[in-house]
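Asker: Protein chains in written order, with this note's numbering: chain G, 1 to 225; chain S, 1 to 767.
We treat Cβ as the ideally placed atom computed from N, Cα and C, and that holds for glycine.
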Amino acid sequence: MSARIGVITFPGTLDDVDAARAVRYAGAEAVSLWHRDTDLQGVDAVVVPGGFSYGDYLRAGAIAARSPVMGPVVDAARRGMPVLGICNGFQILCEAGLLPGALVRNTGLRFICREIRLRVEADTAWTSGFEVGTAITVPLKSGEGRFVADGETLDRLEGEGRVVFRYAEPAPNGALRDIAGISSADGRVVGLMPHPEHAIDPLTGPGADGLGLFTSVLGRLTAAA
Amino acid sequence: MTVQDQATGTPSLDTVANAAATPEHEQPYAALGLRDEEYARIREILGRRPTDAELAMYSVMWSEHCSYKSSKVHLRRFGETTTEEMRRHLLAGIGENAGVVDVGDGWAVTFKIESHNHPSYVEPHQGAATGVGGIVRDIMAMGARPVAVMDGLRVGPLDAPDTARVLPGVVSGVGFYGNCLGLPNLGGEVVFDPTYAGNPLVNALCVGVLRTEDLHLAFASGVGNKIVLFGARTGLDGIGGVSVLASETFGEGGEGAGRKKLPSVQVGDPFAEKVLIECCLELYHAGLVVGIQDLGGAGLSCATSELASAGDGGMEIDLDQVHLRAEGMTPAEILSSESQERMCAVVTPENVDAFMAVCERWDVTARVIGEVTDGENLRIHAGGEVVVDVPPRTVAHDGPVYSRPYARPASQDELQALTTTGLARPVGPAELAEQIVTLASSPQLASRAWVTEQYDRYVRGNTTAATPADAGVLRLDESSDRGIALAIDCNARFCLLDPREGARLALAEAVRNVAASGARPVAVSDCLNFGSPEDPAVMWQFAEAVDGLALACAELGIPVTGGNVSFYNQTATTAILPTPVVGVLGLVDDVHRAVRHGFGAPGDAVWLLGETADELDGSAWAGVVHDHLGGRPPRCDLAAEARLAGVMAEGAARGLFSGAHDLSDGGLAQTLVECAVDSRIGAAVTLPPGELDPAAALFSESAARMLVSVPAAAEADLARLCVEVGQPAARLGEVGGDTLAIDGVAPLDVAELVIAHAATLPSVLDA
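1. What's the C-alpha gap between G744/S and G630/S?
2. Pick out the complete alpha helix (DSSP H) segments inside the stretch 464-537 of chain S, 4 residues or longer, and give them in chain order.
3. List, in chain order, every chain G residue whose beta-carbon is nearer than 7 Å to that of Y458/S.
4. Measuring only between beta-carbons, confirm whether P11/G sits less than 7 Å from chain S.
5. Sorted by chain position, which residues of the same chain lie with C-beta nearer than 8 Å to S403/S's C-beta, five sequence neighbours on each side aside?
6. Near L154/G, what residues of its chain come up, given a Cβ to Cβ distance below 7 Å and the 5 sequence neighbours on each side ignored?
7. I'd like to check one pair, N564/S with E114/S: are the Cβ atoms closer than 7 Å?
8. Buried or exposed, going by whether 16 or more other CB atoms sit within 10 Å of the CB of P349/S?
9. Which residue from S479/S, G502/S, D456/S, R512/S puts its Cα closest to that of D470/S?
10. For D617/S, count neighbouring C-beta atoms within 10 Å of its own C-beta (all shown protein chains included) and say buried if the count is 16 or more, exposed if not.
11. Is S243/S helix, strand or coil by DSSP?
12. Please report the Cβ distance between D481/S and V595/S, rounded to the nearest whole angstrom; I am assuming they are in contact, meaning their Cβ atoms lie under 8 Å.
13. With DSSP collapsed to three states, give me the class of C344/S.
14. What do you get for G79/S, buried or exposed, if any count of 16 or more other CB atoms within 10 angstroms of its CB means buried?
15. Specify the secondary structure class of E252/S as computed by DSSP and reduced to three states.
16. Measuring straight from C-alpha to C-alpha, what distance separates L476/S and L587/S?
17. From which residue to which residue does the beta strand (DSSP E) around C206/S run?
18. Is the CB of T464/S under 7 Å away from at least one CB in chain G?
19. Any beta-carbon of chain S closer than 7 Å to the one on F90/G?
20. Whole angstroms is fine: what's the gap from L90/S's alpha carbon to R21/G's?
21. Taking 7 Å as the CB-CB cut-off, is V275/S touching chain G?
22. Would you please state the rounded distance, in angstroms, between the beta carbons of G736/S and A683/S? I believe it to be under 8 Å.
23. Using the three-state DSSP reduction, which class does P580/S fall into: helix, strand or coil?
24. Pull up the CB-CB distance for S679/S and F599/S, whole angstroms please, since I reckon it's below 8 Å.
25. Is DSSP giving N88/G helix, strand or coil here?
26. Distance, Cα to Cα, A164/S vs P124/S?
27. Going by DSSP in three states, E44/S sits in which element: helix, strand or coil?
28. Give the range of the beta strand (DSSP E) segment to which Y177/S is assigned.
29. Excluding sequence positions up to five away, which residues of its chain have a Cβ less than 7 Å from the Cβ of S128/G?
30. Could you pull the start and end residues of the alpha helix (DSSP H) that E84/S belongs to?
31. Less than 8 Å between the CB atoms is what I'm expecting for G610/S and L644/S, so what's the real figure, rounded?
32. Can you confirm whether C180/S, when its beta carbon is compared against all beta carbons of chain G, has any partner nearer than 7 Å?
33. Does C113/G come within less than 7 Å of chain S when only Cβ atoms are used?
34. What residues from the stretch 150-165 of chain G come within 7 Å of chain S, judged by C-beta to C-beta, listed N to C?
35. How close, in whole Å, do the beta carbons of V346/S and V322/S come, if the pair is a contact with beta carbons under 8 Å?
36. Take the Cβ of H25/S as the centre, count every other Cβ of all protein chains shown within 10 Å, and call the residue buried at 16 or more, exposed below.
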């Protein structure tokens with residue numbers, strides 16, 4: 001039986017269809033989870049996709065982090081279930097306390113949509129299929145993608161090998177230390193601003209580099225089974 | 001019972017009974033934009049004076065924006081020139097919210113382009129944002145899922161002070177709304193011209209996809225069926241061109257002096273619209289909707305009168321059931337409010353509960369506000385009284401129609417006599433190279449990445465091409481290889497020189513851009529932006545452009561499926577360049593075979609399809625190098641355009657092309673530069689054979705031309721295809737290297753071209 005990966009839809013979520021497609025392309029079953037769900041239907045991992053959940057009102061990700069479905073997601077993540085937050089999903093994971101730091105407005109104060117090169121810098125549940133140091137090309141598309149944290153937190157993330165993705169060129173959004181994505185201490189929860197789910201097919205994206213995140217977690221899930 | 005204002009005890013409602021009893025009551029019809037004879041006609045229709053609410057409805061629905069009273073007599077040309085053969089694939093055409101084209105396999109595509117010009121000048125961000133929101137709801141109202149947007153933007157000169165306010169605001173508005181809705185933006189146009197400085201144009205296109213069985217049309221039929229208003233609450237915002245409605249002098253309702261007047265530009269909430277889209281689609285798929293209408297300009301006045309007018313009975317509406325966001329709104333204000341993100345549905349009584357349950361799931365507020373009756377009139381109640389009792393057709397469709405005087409201005413001859421013949425042309429390799437770079441880095445032709453990088457093009461995962469490609473290309477659905485291509489175009493400089501030929505050229509360019517992807521053009525939507533219809537010279541431009549476009553569509557066999565007219569685009573007495581923007585929809589049988597933008601692989605041959613004549617009048621070269629606009633536009637040969645499009649479609653199907661890019665603004669020179677820049681590779685080419693001097697060969701903007709890249713193995717096949725159909729073609733050279741080497745021109749370093757092309761907009765807009 002193939003792995004089952006949940007994809008959450010909040011009101012205002014936009015990239016849920018893309019995340020579900022990426023899950024399917026990787027060979028897993030995509031399970032739709034609704035923001036009001038309190039049961040994760042026994043999924044093996046969860047993707048929190050991008051968009052503007054609840055219109056980004058109050059603060060990007062703040063309301064979604066407190067929605068019914070996030071309770072069981074946080075519980076499961078603390079028990080080691082792999083969770084991937086992309087863009088707004090990354091913001092939600094930070095707001096939910098699963099990842100440190102915060103995402104604030106881009107330094108240029110404008111939305112940025114462009115293909116970008118990232119360096120994979122850590123071996124996690126979502127990057128185990130990549131050689132550390134590999135460069136991948138995926139789209140970045142966000143207005144509030146600048147990762148910030150205090151110096152101590154940044155040093156800790158670097159020291160513990162939890163900077164998972166770094167912009168290969170100076171971060172266009174002004175992210176501190178060019179950080180594009182980070183992980184939890186156990187490497188099971190990963191959040192990143194760029195969109196690997198938009199890079200799974202050269203027909204519709206810059207290539208298929210992004211698929212590696214989804215096949216990585218499948219490898220981990222299968223190995224654990 | 002008469003509603004009493006609690007504070008004063010005076011009647012606060014102008015009821016039908018009250019109107020009948022007080023024929024002499026003076027009404028502010030002129031301030032609402034109605035002429036004496038129009039007001040007299042309303043009294044004649046009703047056999048009494050209108051109530052305040054009725055006057056509000058007629059005045060907005062009979063406005064130029066809603067009634068097309070100045071353009072109607074000309075727009076008939078589109079219907080007259082559309083043959084049965086052209087209608088063959090149309091499931092809905094002009095008159096519906098948007099045209100719908102059957103594309104096969106049970107799929108249909110609907111698209112429309114619409115203007116939001118004046119609001120975008122007053123408040124660029126919200127004006128542009130709600131322009132996107134409005135066109136998206138038009139597409140939803142056809143039963144379709146909106147799948148992409150495009151936008152055509154026209155503003156003053158790049159370095160004009162107000163451009164720094166208008167352009168960034170408009171772009172952030174388009175991006176904010178579209179990005180939040182999760183609709184990929186495929187690109188469009190950004191044009192700078194002094195005539196747009198006080199009157200920018202924001203034209204937004206939306207395309208939607210549906211299964212043919214899900215097609216929904218706006219009509220209210222079936223006695224007893226319920227009218228449901230759902231979505232955002234109705235407020236005092238956007239009581240637009242009739243903002244006088246919010247003044248204390250109109251009626252005695254409301255809260256008197258000190259009442260807050262909200263801006264006439266609506267404020268958009270894309271999150272509410274995103275939720276509304278998903279809610280509507282779930283309602284459609286569950287079969288819970290009989291008819292549907294979006295609420296845009298003229299709000300409930302428009303939605304109720306149009307639904308009732310298109311149905312087979314009357315309609316009763318109770319304004320007390322409308323969910324409001326302000327207190328004490330008068331019936332006239334409720335009917336005229338242009339609050340965004342609202343829809344109106346016709347639902348059978350037995351489906352109302354299920355309808356409400358879907359709305360509840362999406363946290364969308366919905367209320368039954370009325371029902372279809374077996375009467376003939378649209379009757380609207382408020383406070384238990386009848387405040388509107390009108391034949392709906394007289395509001396929605398039987399507005400005034402004017403045959404405005406039009407005349408070719410005497411200045412047109414002078415303008416056409418002012419040709420480019422005497423302008424100094426560049427000679428020698430260095431000067432030619434210098435002017436190529438000057439053009440490529442001019443505001444007119446520089447990279448639009450500053451704009452398009454603020455738009456999400458990836459969301460939903462079906463975008464296979466977007467700007468800077470000539471056409472946006474979308475896969476219809478993951479389960480299918482079918483796709484669509486879209487382009488919007490207008491060279492308004494050509495339209496000033498000759499509105500008829502200019503409109504034909506706009507169509508030709510949009511067709512060519514769609515053809516560049518290998519798609520077959522199938523349908524047209526237009527957005528006709530002009531100055532004041534009360535100026536006979538402007539009206540002449542309009543009449544010429546419409547007739548020219550209608551005949552050109554007939555010649556190409558592709559129907560106009562809908563669109564929009566925007567008049568009064570002028571600053572004092574100076575009208576904008578006549579700007580009939582044309583959107584063309586094309587079909588792609590297999591998105592994997594769509595032709596890529598730009599140059600192909602190193603070693604591939606570079607071919608020029610089409611013939612180049614010495615046509616520099618109105619060109620970007622004349623404008624940028626000499627600040628000149630005069631003469632006659634390039635000749636538009638639609639048979640040549642159709643032949644070229646045929647070669648592109650056939651060549652794409654056979655896999656002959658590794659890249660393509662049309663020739664338009666800036667001519668061959670600019671196309672070569674853009675191919676090199678966008679593909680990050682050089683080429684070595686000669687100029688096309690013939691008698692032309694190098695400047696004409698490089699900068700002429702002759703139509704019906706395309707630059708294609710062809711793998712060596714496919715060259716013989718392409719040559720045969722061109723001979724078979726009589727397509728003029730010339731092999732210019734090969735792709736490769738780090739320089740753009742044009743015979744007779746100093747070599748141009750691709751990396752330097754990339755920088756020159758990219759730097760212009762940021763250098764001004766980020767300064």
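Answerer: To lay it out plainly:
1. 28 Å
2. 492-497, 499-516
3. For Y458/S, the chain G residues whose C-beta falls within less than 7 Å of its own C-beta are P139, K141, H195, H198, G205, listed in chain order.
4. yes
5. V73
6. L176, R177
7. For E114/S and N564/S, yes; Cβs fall inside 7 Å.
8. exposed
9. R512/S
10. buried
11. For S243/S, the predicted structure reports a pLDDT of 37, less than 50, and the residue's modelled location is therefore unreliable. The matter cannot be settled from this model.
12. Contact flag wrong, Cβ pair sits at about 15 Å.
13. Correct three-state label for C344/S: strand.
14. exposed
15. Confidence at E252/S is low in this model, with a pLDDT of 38, below 50, so its placement is unreliable and the value that follows should be read with caution. Taken through DSSP and simplified to helix, strand or coil, E252/S comes out as coil.
16. 10 Å
17. 201-211
18. yes
19. It does not; no Cβ of chain S falls within 7 Å.
20. 32 Å
21. yes
22. 7 Å
23. strand
24. 4 Å
25. helix
26. 11 Å
27. helix
28. It is not in any beta strand (DSSP E) - Y177/S instead sits in the alpha helix (DSSP H) that spans 163-181.
29. S216, G219, R220
30. 84-87
31. 6 Å
32. yes
33. yes
34. Cβ proximity to chain S below 7 Å picks out nothing from the stretch 150-165 of chain G.
35. With a Cβ gap of about 16 Å, V346/S and V322/S do not count as contacting.
36. exposed
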